[in-house]
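The sequence shown begins at 22 in the working numbering and counts up by one. For reference, the structure discussed in these notes is given below.
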Amino acid sequence: MQKMASINAQMRLLLPKKVSDDDQLVEYDSILLDRFLNVLQDLHGSDVKETVEKCYELSGMYSRVEGQGDLEKLERLGELLNNLDAGDSIVVASSFSHMLNLGNLAEEVQIAYRRRVKMAKKGDLGDENSALTESDLEETFRRLVNQIGKTPAEIFEALKHQTVDLVLTAHPTQSVRRSLLQKHTRIRSCLSQLNQVDITSDERQELDEALHREIQAAFRTDEIRRTPPTPQDEMRAGMSYFHETIWNGLPIFLRRVDTALKAIGVEERLPYDVPLIQFSSWMGGDRDGNPRVTPEVTRDVCLLARLMAANLYFAQIEDLMFELSMWRCSDELRNRVVQLTGATKKEAKHYIEFWKTIPSTEPFRVVLGDVRDKLYQTRERMRQQLSSGKSEIALDETFTDKSQIIEPLDLCYRSLCETGDKPVADGSLLDFMRQVSCFGLSLVKLDIRQESERHADVMDAITLHLGMGSYKDWSEEQRQEWLISELRGKRPLFGSDLPMTEEVKDVLETLRVVADLPSDCFGAYIISMATAPSDVLAVELLQRECQVPKPLRVVPLFEKLADLQLAAATLSRLFSIDWYLNHINGKQEVMIGYSDSGKDAGRLSAAWQMFTAQEELVKVAKQYGIKLTMFHGRGGTVGRGGGPTHLAILSQPPDTVNGSLRVTIQGEVIEKSFGEEELCFRTLQRFTAATLEHGMHPPFAPKPAWRNLMDDMAGVSTEEYRSVVMKNPTFVPYFRAATPEQEYGRMNIGSRPAKRKPSGGIESLRAIPWIFAWTQTRFHLPVWLGVGGALKYVLQVDPKNMGILRKMYDQWPFFRVTLDLIEMVFAKGDPRIAALYDRLLVKDDHKSFGEKLRNNYNETRELVLKVAGHEDVLEGNPTLKQRLRLREQYITPLNVQQAYTLKKMRDFRAQLGVHEENANQEELHNGKVSSELVMLNTTTQYPPGLEDTLILTMKGIAAGMQNTG
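Next comes the structure, spelled out in structure tokens:
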């Protein structure tokens with residue numbers, strides 16, 4: 022026991038110091054670490070526990086040394102981990118993975134604690150530093166009134182017309198299983214309660230026991246998915262956040278909006294039907310490159326969402342019936358009760374006169390009971406349709422539109438207000454009306470996403486069948502002319518005799534599902550890889566041919582650099598078509614893709630091109646009198662557009678938000694956004710406050726000199742990035758060897774394949790595993806590659822450009838955010854770890870290539886720090902620096918263990934007689950990889966322990982980076 026205490030004390034010496042008076046993070050982390058080590062000893066004995074402690078200690082001593090680091094400690098750590106037997110290797114990997122998850126929970130509890138402290142000190146709400154990093158409603162309102170000169174009435178009016186649509190996606194990025202996430206919620210709750218000042222000793226003891234119990238339960242839960250999730254599984258997991266946090270979190274948030282408005286003098290509440298927050302989903306609708314998302318899946322997820330909505334409404338209406346037991350009511354409500362009870366005209370007249378003097382039998386419950394009964398029928402109809410595809414319950418016995426639920430609720434609300442019970446009306450009843458208004462009968466609106474080439478395949482099948490030749494051979498002008506002609510006409514293009522491939526059949530049957538289901542199930546139809554007006558027109562025509570009664574709005578997604586550069590011209594050509602301009606009724610949505618643009622050109626060039634593309638798109642929309650909504654396809658990582666939401670919105674170009682914003686909440690950040698009530702509230706607050714501020718106080722346009730410098734840097738950055746990634750024949754074999762990209766598919770963390778083409782190389786590799794692979798090795802190449810060359814170039818052209826760059830950093834939100842995110846990535850990175858992967862996994866004749874990349878990394882890091890005026894990374898953000906420092910001591914052992922495990926697995930594959938290096942390098946670069954190699958990487962049966970160890974290290978590092986792909 023004495024030895025254990027001394028080791029724990031040694032470990033604590035490696036922890037960073039407090040950064041502020043309200044900093045409890047180190048204490049939270051220590052509590053969870055102590056409890057976990059006790060669990061580990063109970064379950065696996067003191068030897069395994071001491072191994073974990075020794076790894077932690079070596080990792081901490083390695084991490085503490087700046088510059089080259091204490092490589093001797095890294096070597097000792099490698100020897101210790103490499104010599105573990107299979108069973109201990111799994112336990113150690115699982116231990117560090119769990120400790121990282123616990124560390125993340127400590128961070129979340131600390132964030133919530135700091136917010137409570139901040140809210141308790143109202144005078145601190147307006148400090149400048151917090152305004153740069155967070156979006157507090159009251160703080161934002163006060164700043165708009167006191168500093169910007171907006172009136173409370175203007176703010177209220179802006180909010181009534183503002184919409185933020187959060188689109189939850191099912192990208193294969195959430196590496197933590199749902200069963201673990203639920204246990205993490207309970208751990209978070211215990212830790213939060215332990216910090217309360219009025220807690221008794223008995224309560225503390227009980228909470229401590231509960232914390233131990235939940236940590237042990239989490240550690241005993243298998244982290245590894247043994248089979249890939251289905252799209253339905255992904256949808257259920259995503260929808261569970263609605264049940265657990267979002268459903269109750271929305272009315273709580275809207276009440277806080279009311280409170281913040283009241284603080285600036287607005288006495289009126291936000292109307293219940295204000296679309297301030299909306300929710301959409303891609304889960305079960307995103308079929309781009311995912312053969313598992315079939316028309317049947319789309320149908321199932323829509324019905325399942327409606328069933329979930331009906332369940333939530335049914336439970337809520339029963340609670341409301343219990344609450345609204347009062348007897349006073351308006352004449353209008355009495356008339357409705359009479360109608361519902363079936364009284365004759367004569368009886369009704371007598372009944373109403375009598376009711377005015379004598380209390381009735383709870384009239385609100387009569388009205389709400391009718392809603393409840395119809396909700397029951399609605400729920401049962403959904404249940405029957407899900408199980409058998411049909412229902413015995415007639416449609417007119419159910420709710421088919423949210424207005425049918427809202428109407429009797431609104432009647433009750435008006436009655437309560439009329440009879441002096443407005444405080445009651447503004448309670449649970451108002452909350453429920455707001456929930457129904459937001460979620461509707463479908464809970465979320467499902468977007469459909471499909472690649473433009475698939476629609477071209479359908480058109481090609483039609484034109485060939487009609488004897489008109491191949492649509493794919495036509496020019497863009499020919500395609501547009503024919504599509505517009507058909508859209509203006511009425512003739513059906515095809516019947517049941519149309520020859521169809523499986524791909525063509527899938528597109529048409531998906532649209533028939535859209536036609537068959539209620540229109541409020543669906544949101545937008547997203548066309549990925551959109552390049553021309555014909556891509557949009559083709560979908561409009563297909564919706565008409567499949568008899569979609571209320572066509573989905575068609576949204577082109579511009580992803581690659583060239584497509585973004587041509588986006589404004591494409592939109593202009595589209596708006597110049599009279600039929601289309603009349604069809605869209607003054608509204609257009611355009612999506613810009615952060616992931617593929619970053620993969621195509623690197624982070625700096627992609628960010629600048631998206632900035633300028635939005636500016637040009639807005640100009641085109643204004644020219645044609647169209648209200649444009651930008652749909653931002655952001656991922657969780659910096660390489661896919663991730664970063665602080667508040668700053669991301671405020672750094673967008675002027676006139677690109679205007680109170681209307683759509684943005685994806687990718688799989689890897691859903692838990693961080695909605696996993697707990699406090700997180701849910703902060704997410705809704707960030708988006709709402711930042712969107713309002715951008716609309717009412719938009720950033721200024723960049724100066725011409727800044728634009729010119731950015732144009733120059735973007736050009737140089739793109740060239741350097743592509744010269745390495747796409748033109749250097751060494752890159753692909755190096756990438757495949759130096760990262761776990763080949764092994765990524767074994768993780769079973771999503772229903773979608775890692776590649777659009779099973780045998781593809783870099784070109785067909787999705788942005789998610791592309792980023793994931795570099796994140797695992799802590800090298801983050803897609804984020805920084807090209808940045809150093811760009812900065813170096815403009816400084817060589819004119820050393821005075823350093824002064825301009827520093828002004829850009831100080832005064833231009835876009836440039837500051839871009840550079841700060843790159844700096845943050847350098848804080849997470851470690852080229853020494855990447856060098857370890859190279860030493861163990863890369864062929865000798867490719868090691869010099871890795872060395873050059875690491876030199877580039879270090880040079881880029883120094884240049885970024887110079888422009889920012891920082892001596893060290895995260896100099897201006899000690900809180901984040903502390904959080905990363907805590908995590909690093911858990912991540913490093915996982916990196917080392919992963920590198921050695923990869924070597925063992927690849928050595929084993931080599932013994933089977935097939936070598937990755939044997940594939941022709943040109944074929945690898947062009948995406949022509951042998952099917953034998955693909956099968957080898959996905960079906961090999963490794964010796965016991967290796968595969969589980971590898972997956973655990975992947976999941977642990979992903980947790981440490983706080984995102985995956």
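Backbone N, C-alpha and C define an ideal beta-carbon position, used for all residues, glycine too.
Legend entry - Per DSSP, cross-strand counterpart(s) of ASP186: GLN299 and ARG683
Inset, instruction - Determine, using beta carbons only, whether SER80 and GLN910 come nearer to each other than 7 Å. - result: yes
Inset, instruction - Starting from PRO577, trace the beta strand (DSSP E) both ways and give me its first and last residue. - result: 574-579
Inset, instruction - Please confirm whether GLN543 and LEU467 have their CB atoms less than 7 Å apart. - result: One point to set straight first is that residue 543 is Phe, not Gln, in the sequence displayed. Their beta carbons are under 7 Å apart, which means PHE543 touches LEU467 by this criterion.
Legend entry - Chain-order list of residues whose beta-carbon lies under 7 Å from that of GLU636 (same chain, five-residue window excluded): PRO674
Legend entry - CA-to-CA distance, CYS433 to GLN398, given in whole angstroms: 22 Å
Inset, instruction - Out of TYR134, GLU892, ALA191 and GLU289, point me to the one whose CA is closest to VAL322's CA. - result: ALA191
Legend entry - Beta carbon of MET342 nearer than 7 Å to that of LEU389: yes
Legend entry - Beta-carbon spacing of TRP805, ILE854 below 7 Å: no
Legend entry - Per-residue burial, MET120 [other beta carbons within 10 Å of its own, 16 or more giving buried]: buried
Legend entry - CA-to-CA distance, ASN122 to LEU53, given in whole angstroms: 10 Å
Inset, instruction - Assess, as a yes-or-no matter, whether the stretch 551-560 is touched by the stretch 570-580 under the definition of 3 or more beta carbon pairs within less than 8 Å. - result: yes
Legend entry - Whole-angstrom C-beta distance between VAL641 and SER597, which should lie under 8 Å: That pair is no contact at about 10 Å.
Inset, instruction - Please look up how many angstroms separate the CB atoms of GLY306 and ILE469, rounded, as I've assumed it's under 8 Å. - result: 5 Å
Legend entry - Environment of ASP223 [buried if 16+ CB atoms lie within 10 Å]: exposed
Legend entry - Strand pairing of GLY81, partner residues [DSSP]: DSSP output for GLY81 lists no bridge partner at all.
Inset, instruction - Put GLN168 into one of helix, strand or coil per three-state DSSP. - result: coil
Inset, instruction - Starting from ASP866, follow the alpha helix (DSSP H) in both directions and report where the run begins and ends. - result: 865-889
Inset, instruction - Determine the DSSP secondary structure at GLN609, reduced to helix, strand or coil. - result: strand
Inset, instruction - Please classify HIS65: is it buried, with 16 or more other beta-carbons within 10 angstroms of its beta-carbon, or exposed? - result: buried
Inset, instruction - Label ALA551 either buried or exposed according to how many other C-beta atoms from any shown protein chain fall within 10 Å of its C-beta, with 16 as the threshold for buried. - result: buried
Legend entry - Short Cβ contact (7 Å threshold) for LEU654 with GLY619: For clarity, residue 654 is Gly in the given sequence; the question names Leu instead. Going by C-beta atoms, GLY654 is not nearer than 7 Å to GLY619.
Legend entry - Euclidean distance between Cα positions of HIS264 and VAL690: 18 Å
Legend entry - Span separating the alpha-carbon of ALA848 from that of ARG757: 24 Å
Inset, instruction - With distances taken Cα to Cα, identify the nearest neighbour of THR484 among VAL465, GLU507 and LEU464. - result: GLU507
Inset, instruction - Round the Cβ separation of VAL525 and ILE236 to the nearest angstrom and send it over; I've been treating them as touching at under 8 Å. - result: VAL525 to ILE236, Cβ: 53 Å. No contact.
Legend entry - Own chain, CB closer than 8 Å to SER118, minus 5 neighbours either side, in chain order: GLU244, LEU915, LEU973, THR974, LYS976, GLY977 and ALA980
Legend entry - Coarse secondary structure for TYR858, derived from DSSP in three states: helix
Inset, instruction - With DSSP as the reference, label TYR645 as helix, strand or coil. - result: coil
Legend entry - Distance CB(LEU967)-CB(LYS925) smaller than 7 Å: yes
Legend entry - Helix, strand or coil at LEU971 according to DSSP, with G and I counted as helix: helix
Inset, instruction - Kindly examine the ligand SAH and report whether one of its heavy atoms sits closer than 6 Å to the Cβ of PRO539. - result: For the structure depicted, the ligand SAH is absent and the ligand set is empty, with no information on it obtainable.
Inset, instruction - Under 8 Å by Cβ, that's how I've got SER302 and GLY259 pegged, so tell me the actual separation to the nearest angstrom. - result: 7 Å
Inset, instruction - May I have the straight-line CA-CA distance separating LEU668 from PRO834, to the nearest angstrom? - result: 8 Å
Legend entry - Assigned exposure category for PRO750 - 16 Cβ within 10 Å defines buried: exposed
Legend entry - Best match in VAL387, SER449 and CYS459 for proximity to ALA330 [C-alpha to C-alpha]: CYS459
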